[in-house]
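Those protein sequence lines, which keep their order, are chains P and C. According to the working numbering, the residues represented by the first sequence are 1 to 152, in order. According to the working numbering, the residues represented by the second sequence are 1001 to 1359, in order. We put the beta carbon where it would ideally sit given N, CA and C, even for glycine.
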Amino acid sequence: MRHPLKWAVTVACTLLLCAPAVAADLLMARVNRLFPEAMTLLQSSISSRGYTITRLQQVNENLERRAFKSDMYRVVYFGKHEEVRQATARNPELIPFLPLNITIFAEEDQTILVASHPQMLQEFFPDPELKPLFERWEKDMLEILDEMRETD
Amino acid sequence: MVASRITGEIMLKRLLFAASLLAGLGISSAMAAPDGAQLYGRNCAACHGENGNGGIGVPLALPSFQAGISDDYLRKTIHLGRPGRVMPAFPALEDAEVDAIVRYVRSWNRGISATYSAERVTGDPAHGRKLFAQYCAACHGAEGEGSKGTGVTFSRPRDLPIMAPALNNPGFLSASTDAMIKATLMRGREGTPMVSFIKQGLKEKDIDDIVSHVRGFENHPLSQEVTTAKVDRPVIAMDSPYDLNTTVENVKRAVNNNNFFYGRVQTLEYGMTSPANENQKQVIVYFCNISLLNQALAIDPRVGMFLPCRISIVETNGKVQVMSVNPAVLSRLFNNSELLRMCDELSKNYTAIMEEATL
């Protein structure tokens, strides 16, 4: 091989061009499942990637207690202890953004999931040591939402 | 001859090597044209519905919508979005990916796709302004700001009518040609409240005047659309002169004094490890104002990811700080002008609570 560099560049460019598209500012998925079923699938998808679900914030119940009408609505918080400990030790200002979370709410007989791009944190915390972590969170979040879409 | 055969063999080997390398990396399928259905599912379906039947976004499969818009309008809309009106821009999508989405959206179209001239329509904008006030402003707003609200309502029934779009929006004005606006005014959009103004008795000249007025919005942009400004700091943070426990108690008190109710106090690591192992120097006070929450969800139900309100109290090397997410980060993500106003309020609330707690 006379020009191994050329080949490597070609392959690298191909990989870049084939990278999955990143949506604008929010990650969203519409799932063709009723809320309770989608909720179970979401928790399973999160756990299967090694995250611990730390809290299920019950939003609709809080609204209903004050007589505001609401359909099913939860915020699912999750994280990996060591990751969170190490990242916040490097930069305590990350704390307000953690644990990671996914919002899930009923939209009639379907369910909508919303999350922010973890990679967005890179813009605010441009620490090269944190970059691989943000990328890993981004990849996991994309996979979770893809998996949810594919359950249709 | 022998030399050329050897050269040919070398070339073939290289090609095979490259092909096997790409296949081994799982690239072979990705090398094909982008999958429009998959891209639509990932980027558009949540708002526009799996089958383009709408909900949060415009019902893209509506026959009159399909008949009235051009492929170029769709492409530009995907690229530019509608600043401040929820529909985000997708700058990261490649042209080929946008084309694939457009082809997929067009697969619902039973008719011929419209194409429009890029030429400007000549009309009398002053007369157009009067007609706009009479015929259009009730739905599209006096200054073309669109109907009130954002369209992102909670479990909104996915039947028509749809929201009147903001015409005074840089995304709309860039995506639409005068000819397209004129055609929409003349034909209306069946299945929506947009009627044909020819059938309402206007002449073609009147419609040209309205188009000139709408095009004139380019010179009078609405200031509230600027929601994508760069955020200086991702968090609001203040030093506390008190120790961690005292600061936590101060935050709880300040929360109540500022019309919120205090919900709970937990460490950041709560639930991720055993209680004995949690870092007790990273504490979060969660709080809420249900009425405010209800308002926020009415503006945009997706804001859940920032719920409930929270202020973190952190001790690092003996120094105590209180901090929260800067709500401006939030409004930037949602591309929602109405949410921007609420975020400004929330920002003031957080600052007031933190100031009081650290006074």
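Residue pairing by DSSP puts Ala1114 of chain C in a beta bridge opposite C:Ser1070. With fewer than three CB-CB distances shorter than 8 Å, the stretch 1093–1105 of chain C does not count as touching the stretch 1205–1225 of chain C. Taking C-beta separations shorter than 7 Å and ignoring five residues to either side along the sequence, the partners of Ile1181 of chain C in its chain run Val1211, Val1214, following chain order.
In this structure, the straight-line span from the alpha carbon of Pro1327 of chain C to that of Phe1197 of chain C is close to 43 Å.
Counting C-beta atoms within 10 angstroms of its own C-beta, Phe1090 of chain C has 16 or more neighbours from the protein chains shown and is therefore classed as buried. Contact between the stretch 81–94 of chain P and the stretch 107–119 of chain P is absent: fewer than three C-beta pairs spanning the two stretches fall below 8 Å. Three or more Cβ pairs closer than 8 Å define a contact, and the stretch 1261–1273 of chain C meets that threshold against the stretch 66–84 of chain P. With respect to the 8 Å criterion, Glu1345 of chain C and Ile1299 of chain C are not classified as neighbours on the basis of their beta carbons. For Leu1333 of chain C, the C-beta contacts it makes with chain P under 7 Å involve Asp25, Leu26, Ser116, in order along the chain. Across the structure, Met148 of chain P and Val31 of chain P are spaced so that their CA atoms are roughly 7 Å apart.
Listed by position along chain P, the residues whose Cβ is nearer than 8 Å to that of Ile1069 of chain C form an empty set, because the closest Cβ is around 20 Å away. Where Phe1132 of chain C is concerned, the enclosing alpha helix (DSSP H) starts and stops at 1125–1135. The three-state secondary structure of Ala1092 of chain C, taken from DSSP, is coil. Using a CB distance cut-off of 8 Å, Ala29 of chain P counts as an interface residue toward chain C.
Residues of chain P with a Cβ closer than 8 Å to the Cβ of Gln1282 of chain C are, in chain order, Thr88, Pro92, Ile95. Neighbours of Gln58 of chain P in chain C, taken as residues at a C-beta separation under 8 Å, are lacking, since the least C-beta distance is about 10 Å. Contact residues of the stretch 32–47 of chain P toward chain C are Asn32 (C-beta to C-beta distance below 9 Å). Nearest CB-CB separation between Arg49 of chain P and chain C: not below the 8 Å threshold. Burial is judged here by how many other beta carbons sit within 10 angstroms of a residue's own beta carbon; Asp1095 of chain C has fewer than 16 and is exposed. Neighbourhood of Thr52 of chain P in chain C, by CB distance below 8 Å: Gly1271, Met1272, in chain order.
Taking the beta carbon of Ile112 of chain P as reference, the chain C residues within 7 Å of it are Ala1046, listed in sequence order. The bridge partners DSSP lists for Ala29 of chain P are P:Leu113. Within the stretch 1334–1352 of chain C, contact with chain P at the beta-carbon level (separation under 9 Å) is assigned to Phe1334, Asn1335. DSSP, reduced to helix, strand and coil, places Phe78 of chain P within a strand of the structure shown.
Sequence-ordered contacts of the stretch 1292–1308 of chain C with chain P read Leu1293, Asn1294, Leu1297, Pro1301, Arg1302, Val1303, Gly1304, Met1305, Phe1306, Leu1307, Pro1308 [C-beta pairs closer than 9 Å]. Counting only the Cα atoms, Glu123 of chain P lies some 31 Å from Asn1277 of chain C.
Taking C-beta atoms as the reference points, Ala106 of chain P and Phe35 of chain P count as a pair closer than 8 Å. DSSP, read as helix, strand or coil, puts Ile1210 of chain C in helix. Residue pairing by DSSP places Thr1316 of chain C opposite C:Lys1319 in a beta bridge. Between Leu145 of chain P and Ala29 of chain P, the alpha-carbon positions lie close to 6 Å from each other. Closest option to Gln1321 of chain C, judged by alpha-carbon separation, among C:Ile1311, C:Leu1330, C:Val1329: C:Ile1311.
Take Glu129 of chain P, set aside five residues on each side of it, and the residues of its chain with a beta-carbon closer than 7 Å to its own are Arg90, in chain order. Taking 8 Å as the cut-off, the beta carbon of Asn1259 of chain C is found no closer than this to the beta carbon of Ala1352 of chain C. Under the 10 Å beta carbon count, Gly1049 of chain C is surrounded by 16 or more other beta carbons and is classified as buried. Shown here is that no member of the stretch 1246–1258 of chain C has a Cβ falling below 9 Å from a Cβ of chain P. Here the C-alpha atom of Gln86 of chain P lies approximately 18 Å from the C-alpha atom of Ile53 of chain P.
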